[in-house]
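Here is the structure we will look at.
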Ligand code: NAP
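Residue numbers (our numbering): 118 to 398.
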């Protein structure tokens with residue numbers, strides 16, 4: 118039921134039809150009985166700035182931002198949070214009534230919360246963490262881990278120059294490794310995170326020597342389609358604890374929902390089960 122008081126939020130991506138965010142947020146809205154709605158938008162790839170200008174002044178309360186707009190979302194904002202600056206990307210834009218736009222990034226919150234849920238006791242301050250990939254997701258994860266007190270982050274990437282660029286852009290102990298030296302990068306880590314797009318249905322598999330990780334290491338994959346990627350399956354086979362990308366997706370949505378609608382999502386709706394049904398369908 119749309120009323121004169123309905124609060125509108127949404128997600129912008131291109132393509133956006135596959136996004137699980139409308140399913141998650143609208144399920145929470147319905148369960149909480151909130152007068153609000155969450156809608157998908159697919160602005161043209163080179164017109165994101167104009168799209169955002171059209172929303173200034175509070176046409177909608179806020180917007181999640183996904184591929185390919187996470188980086189450009191920073192440049193359209195009047196204010197940028199420490200988290201978004203560290204990640205060099207935003208996944209959340211908030212529109213104030215006076216026309217100002219604030220950029221934030223909740224992916225790091227989602228990542229760490231997913232570890233707390235699926236690998237309880239994991240301590241990001243206890244040991245180095247290795248991250249595979251050097252795109253926006255990898256940089257966001259590295260930045261969030263450093264902010265959480267991680268003593269060392271190792272960026273492992275197929276294209277070494279990109280790993281070096283991420284390492285050079287972040288403050289702290291961040292080191293770049295070519296993919297051929299992954300075994301070296303995995304030694305003594307508390308966790309290994311796949312932040313490449315490999316493992317995503319149809320994107321090729323990732324060769325990672327997970328046997329080089331300590332037995333206590335947690336293996337995490339940001340890819341969630343399929344939910345159990347070959348990377349996670351390999352980690353599980355070796356007896357490592359695993360954390361999946363769907364948990365991260367759901368956990369990054371919580372602070373966004375709180376920002377848009379002013380309250381914590383209701384616990385009684387199982388959005389993970391709903392999302393899994395959609396992923397399997
Ligand atoms: P991106 O900027 O396109 O970066 C992709 C990275 O993957 C690059 O480092 C690339 O290496 C590497 N790569 C791709 N195919 C590879 C292969 N076959 N072998 C080895 N490396 C390969 O992507 P992104 O925005 O950072 O996103 C990365 C992934 O994280 C995506 O699948 C995205 O959906 C996922 N993600 C999930 C969540 C969540 O909430 N679960 C949140 C954010 C992102 P090169 O540099 O050598 O090309």
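We put the beta carbon where it would ideally sit given N, CA and C, even for glycine. A quick note: this is a predicted structure, and the numbers were derived from the prediction, not measured.
Compute the minimum distance between the beta carbon of residue 274 and the heavy atoms of ligand 1, and state whether it is under 7 Å.
As a working mapping, residue 274 is identified with position 157 in the chain shown. Distances between the C-beta of residue 274 and the heavy atoms of ligand 1 include at least one below 7 Å.
Using DSSP bridges, identify the partner residues of residue 211.
If you number the chain shown from 1, residue 211 lands on position 94. Under the DSSP definition of a beta bridge, residue 211 partners with 179 and 219.
Tell me the residue span of the alpha helix (DSSP H) that contains residue 333.
Stepping through the chain shown from its first residue, residue 333 is reached at position 216. Note, residue 333: premise wrong, no alpha helix (DSSP H); not H, not E.
Where the alpha helix (DSSP H) containing residue 249 begins and where it ends
Reading the chain shown from its first residue, position 132 is the one you call residue 249. No alpha helix (DSSP H) contains residue 249, which is instead part of the beta strand (DSSP E) from 246-249.
Below 8 Å, how does it come out for the region 183-202 and the region 216-226: are there three or more Cβ pairs, yes or no?
They touch, by the three-pair rule.
Do the region 345-362 and the region 378-388 meet, that is, are 3 or more Cβ pairs less than 8 Å apart?
Under the 8 Å Cβ criterion, the region 345-362 does not count as touching the region 378-388, having fewer than three qualifying pairs.
Give me the Cα-Cα distance between residue 163 and residue 224, rounded to the nearest whole angstrom.
Looking up residue 163 in the chain shown gives position 46. Looking up residue 224 in the chain shown gives position 107. Roughly 24 Å between the two C-alpha positions.
Give a single yes or no on whether residue 369 has its beta carbon closer than 7 Å to a heavy atom of ligand 2.
Looking at this structure, you won't find ligand 2 anywhere; what it does contain is ligand 1.
Proximity to residue 291 [Cα-Cα], best of 253, 328, 329 and 247:
Position 174 of the chain shown, counted from the start, is the residue given in the question as residue 291. Answer by Cα proximity: 247.
From 375, 135 and 396, pick the residue whose C-alpha is nearest to that of residue 344; which is it?
Position 227 of the chain shown, counting from 1, holds the residue named residue 344. Among 375, 135 and 396, the Cα nearest to that of residue 344 belongs to 396.
Cα-Cα, which of 123, 122 and 138 is closest to residue 129?
As a first step, residue 129 is located in the chain shown; it is residue number 12 there, counting from the start. Per the Cα distances, 138.
Suppose only complete runs of 4+ residues qualify. What are the alpha helix (DSSP H) ranges in the region 242-289, listed by chain order?
With a minimum length of 4 residues, the continuous alpha helix (DSSP H) runs that stay inside the region 242-289 are 253-264 and 277-286.
Nearest to residue 373 (by Cα), restricted to the options 181, 145, 160 and 157:
Within the chain shown, the letter at position 256 stands for residue 373. Looking only at 181, 145, 160 and 157, the smallest Cα-Cα distance to residue 373 is reached by 181.
Relative to ligand 1, is the shortest distance from any of its heavy atoms to the C-beta of residue 296 smaller than 7 Å?
Taking the chain shown and counting its residues from 1, the one referred to as residue 296 is at position 179. Yes, Cβ of residue 296 sits closer than 7 Å to a heavy atom of ligand 1.
Are residue 286 and residue 206 touching if we call contact CB-CB under 8 Å?
For the purposes of this step, residue 286 is taken as the residue at position 169 of the chain shown. For the purposes of this step, residue 206 is taken as the residue at position 89 of the chain shown. The Cβ atoms of residue 286 and residue 206 lie no closer than 8 Å to each other.
Residue 244 vs residue 306 beta-carbon contact at 8 Å
Position 127 of the chain shown, counted from the start, is the residue given in the question as residue 244. Position 189 of the chain shown, counted from the start, is the residue given in the question as residue 306. Contact check for residue 244 against residue 306 passes: the beta carbons are separated by less than 8 Å.
From 135, 293 and 332, pick the residue whose C-alpha is nearest to that of residue 284; which is it?
Here residue 284 corresponds to residue number 167 of the chain shown, with the count starting at 1. Relative to the Cα of residue 284, the nearest Cα in the group 135, 293 and 332 belongs to 293.
In its own chain, which residues sit with a C-beta less than 8 Å from the C-beta of residue 298, not counting the 5 before and 5 after it?
For this step, residue 298 is matched to residue 181 along the chain shown. Same-chain partners within the cutoff: 273.
Confirm the yes/no value for this check: CB of residue 141, any heavy atom of ligand 1, distance under 7 Å.
Counted from its first residue, the chain shown places residue 141 at position 24. No, Cβ of residue 141 sits at least 7 Å from all heavy atoms of ligand 1.
Relative to ligand 1, is the shortest distance from any of its heavy atoms to the C-beta of residue 155 smaller than 7 Å?
Reading the chain shown from its first residue, position 38 is the one you call residue 155. Result no, Cβ not under 7 Å from ligand 1.
Boundaries of the alpha helix (DSSP H) in which residue 203 is found, first to last residue
Locating residue 203 in the chain shown gives position 86, counting from the first residue. For residue 203, the enclosing alpha helix (DSSP H) starts and ends at 199-204.
Are the beta-carbon atoms belonging to residue 392 and residue 141 less than 8 Å from one another?
For the purposes of this step, residue 392 is taken as residue 275 along the chain shown, with counting starting at 1. For the purposes of this step, residue 141 is taken as residue 24 along the chain shown, with counting starting at 1. Going by C-beta atoms, residue 392 is nearer than 8 Å to residue 141.
When the Cα of residue 367 is compared with those of 232, 189, 169 and 121, which residue comes out closest?
Taking the chain shown and counting its residues from 1, the one referred to as residue 367 is at position 250. Ranked by Cα distance from residue 367, the options 232, 189, 169 and 121 are led by 232.
For the beta strand (DSSP E) that residue 362 lies in, which residues bound it at each end?
For this step, residue 362 is matched to residue 245 along the chain shown. For residue 362, there is no enclosing beta strand (DSSP E); the enclosing alpha helix (DSSP H) has its first and last residue at 362-378.
Given a cut-off of 8 Å, decide if residue 323 and residue 336 are closer than it, judged by their beta-carbon atoms.
Position 219 of the chain shown, counting from 1, holds the residue named residue 336. Position 206 of the chain shown, counting from 1, holds the residue named residue 323. Not in contact: residue 336 and residue 323 (Cβ atoms no closer than 8 Å).
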